[in-house]
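Taken in order, these protein sequences are the chains called P and L.
Residue numbering for the first sequence follows our numbering, starting at 1 and increasing by one per position.
Residue numbering for the second sequence follows our numbering, starting at 1001 and increasing by one per position.
Ideal placement from N, C-alpha and C gives every residue a C-beta, glycine not left out.
The structure under discussion appears below in the form of structure tokens.
There are 2 protein chains.
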Amino acid sequence: MTSFDEDTAISPDGEVTLTDRWNGSFGVPNGGYQLAICVRALARLMPYPDPLLVSGFYLRQAKPGPAQVPASLLRAGRTMAFGEASLVQEGKETLRTTACFTDLNSQNKQLFTATSQPRLPPPDECVRYSSSAPGAPNIAGRFDYRLAEPPGWLGGQPSGIPSMEFWMRFADGREPDMLSLPLTVDGAPPAALELGIVSTTVELTVHLRARPVPGWLACRAVTRHVTEGYHEEDFEVWDSAGTLVAQSRQLCMILR
Amino acid sequence: MTSFDEDTAISPDGEVTLTDRWNGSFGVPNGGYQLAICVRALARLMPYPDPLLVSGFYLRQAKPGPAQVPASLLRAGRTMAFGEASLVQEGKETLRTTACFTDLNSQNKQLFTATSQPRLPPPDECVRYSSSAPGAPNIAGRFDYRLAEPPGWLGGQPSGIPSMEFWMRFADGREPDMLSLPLTVDGAPPAALELGIVSTTVELTVHLRARPVPGWLACRAVTRHVTEGYHEEDFEVWDSAGTLVAQSRQLCMILR
């Protein structure tokens, strides 16, 4: 079993253990990891196979350890169904998610796109950002990231341009699917690091636009608006066939 | 009382009447109008003044007429609070919203922006899209829209470029505020009309980044990814002082 599948496994009575393997900064389980657990809980009870859109609000800081994942169907319609799921630790809700599921199989053909796949050298010709980098959190060890050149923030010189493009895949070779994409969109170092900003996710919305084929994912993370209190990050994921498979936006509260 | 305030008024026991004045296509109350009602219901019980982010899932088609707006606090923290609210008609939930509130007053200074305010001639030198246009829905009568030139779709010649910039304000002169912005982001003709696409909102997420000052709002609506089944629309709102006050993204299901 892969680390992702192992660490998002939910018992029949809705119990999960958040491991520390997906910790981001400050030893907190990554928000996308938490979101993926809720999506997996919903997938068990939804009448359609594909998560189409999921929104998660991070009500409280989660921590590694046991959690409950109550999930319920809100509405099943003719072409889509809606549900909600939460993460609960020590009786308190840490994450509230709402989601919509459908069957994307016949509806995923790309008809129009105004942005293009990130232009990156082949993964083998890129540089790696790895878990051995200074200050890298645990989650960096779960992915293989490949960039055209080392990001400025990594060398202590933020570029001032909060935009990053890179290849990404699970380090243990697990292929991407609709269940793992909600983690992927939050699984890379944030683009705001190029502004020297450290922040935490308030809310994350993921649009899942097509089922990914196996292989590397080409990703683009961009922050366009920063105020004293908050910034957003947009994230796009393209599969190895060049199809946009996920778009996400999150709002982050700036810590420093 | 302005039409917006009148038509989003909620009784002490959580009753509201959806009027037909905000109907979009097909005689269905506009999604942003519905969302604004839920935000207003939440504003009454949240310990912070400003909606910061709201996400709404359109579970069922709403219709003009009475509705209930149950709302509850999910968590009140030191700097922000979370809540949920629904629209319910005839015992069935039509809209499920989750939101986060905070006090934006001291945190709204713009530090970085990667996009600029739409470049438009002054409103007086623009053309109007009005409720007297062929096929215009009721909601078009509630706003004053001003464009640099008439959109292609309006003349039956979609431009093929799903991007629109325009001025917007309430036709009755009501000034924008944090309660009206969730309507504004969904209150204009969709950019996908320039592709000849007609669609309906599945989910709408609004980031409210600053309190708007009075005056015209400069807006930009862009659709970047269209598949056979769905497209997204991003919407930005800039106030008359040139501050980005709202960013939204919605996922739409294509009808034809």
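Could you tell me which of the options sits nearest to residue i, measuring between CA atoms?
i	options	result
G1187(L)	P1176(L), I1197(L) and Y1048(L)	P1176(L)
L1053(L)	V1028(L), G1091(L) and F1101(L)	F1101(L)
V1237(L)	V1213(L), G1173(L) and P1122(L)	V1213(L)
V28(P)	S86(P), P137(P), G156(P) and A99(P)	P137(P)
D5(P)	W167(P), G24(P) and V39(P)	V39(P)
N30(P)	W22(P), A36(P) and I37(P)	W22(P)
P12(P)	P49(P), S25(P), L18(P) and A71(P)	A71(P)
F1057(L)	N105(P), A81(P) and G155(P)	A81(P)
R275(P)	I254(P), D144(P), G196(P) and R209(P)	Residue 275(P) lies beyond the stretch modelled for chain P, which goes from 1 to 256, so this question has no answer here.
A140(P)	G242(P), I161(P), T113(P) and D172(P)	D172(P)
F112(P)	R1209(L), M1168(L), G1196(L) and L1208(L)	G1196(L)
E233(P)	Y48(P), I161(P), I10(P) and W167(P)	I161(P)
E165(P)	L42(P), F235(P) and G77(P)	F235(P)
P150(P)	G135(P), W167(P) and Y129(P)	Y129(P)
G77(P)	G242(P), M46(P) and K63(P)	M46(P)
A41(P)	Y48(P), K63(P) and I10(P)	I10(P)
V1127(L)	R1096(L), W1167(L) and G1135(L)	W1167(L)
Can you give the beta carbon distance from residue i to residue j, rounded, assuming they're within the 8 Å contact cut?
i	j	result
S163(P)	A191(P)	6 Å
V198(P)	P182(P)	That belief does not hold up - the Cβ atoms of V198(P) and P182(P) are roughly 23 Å apart, past 8 Å.
H231(P)	C252(P)	5 Å
V1157(L)	L1244(L)	Position check: residue 1157(L) holds Gln in this sequence, whereas Val was assumed. Contact doesn't hold; Cβ gap of about 31 Å is too wide.
E1194(L)	G1152(L)	6 Å
G1215(L)	S1248(L)	Contact doesn't hold; Cβ gap of about 20 Å is too wide.
S941(L)	S55(P)	Because chain L here runs from 1001 to 1256, residue 941(L) falls outside it and cannot be looked at.
I37(P)	T8(P)	5 Å
Run through the DSSP bridge pairs and tell me what residue i is partnered with.
i	result
K92(P)	Q89(P)
Y1033(L)	Answer is none; Y1033(L) lacks a bridge partner.
N23(P)	P29(P)
A1076(L)	A1081(L)
S163(P)	V222(P)
F1112(L)	V226(P)
E1004(L)	Residue identity check: residue 1004(L) is Phe in the sequence provided, not Glu. Beta-bridge pairing links F1004(L) to no other residue.
A1067(L)	V1016(L)
V1237(L)	C1219(L) and A1246(L)
Q1168(L)	It should be noted that the sequence gives Met, not Gln, for residue 1168(L). Bridge partners of M1168(L): Y1145(L) and L1217(L).
C1126(L)	According to DSSP, C1126(L) bridges with nothing at all.
G56(P)	T97(P) and L204(P)
T102(P)	D50(P) and M80(P)
C1252(L)	T1201(L) and H1231(L)
So, residue i versus residue j, is the Cβ gap smaller than 8 Å?
i	j	result
L179(P)	Q250(P)	no
Q68(P)	G32(P)	no
T94(P)	E84(P)	no
T1017(L)	F1170(L)	no
R123(P)	R142(P)	Note that residue 123(P) is Pro in the sequence shown here, rather than Arg. Contact flag unset, no.
T1227(L)	Q107(P)	yes
R75(P)	L1059(L)	yes
L1154(L)	G229(P)	no
T1184(L)	A1133(L)	no
P1189(L)	A1148(L)	no
R211(P)	D50(P)	yes
T1201(L)	L1255(L)	no
Item to complete: Count the C-beta pairs between the stretch 1114–1123 of chain L and the stretch 1210–1221 of chain L that are closer than 8 Å, then say yes if the count reaches three, no if not.
Response: The stretch 1114–1123 of chain L vs the stretch 1210–1221 of chain L: in contact.
Item to complete: Count the CB pairs spanning the stretch 84–98 of chain P and the stretch 56–67 of chain P that are closer than 8 Å, and state whether there are at least three.
Response: As far as the Cβ criterion goes, the stretch 84–98 of chain P touches the stretch 56–67 of chain P, which means the pair count is three or higher.
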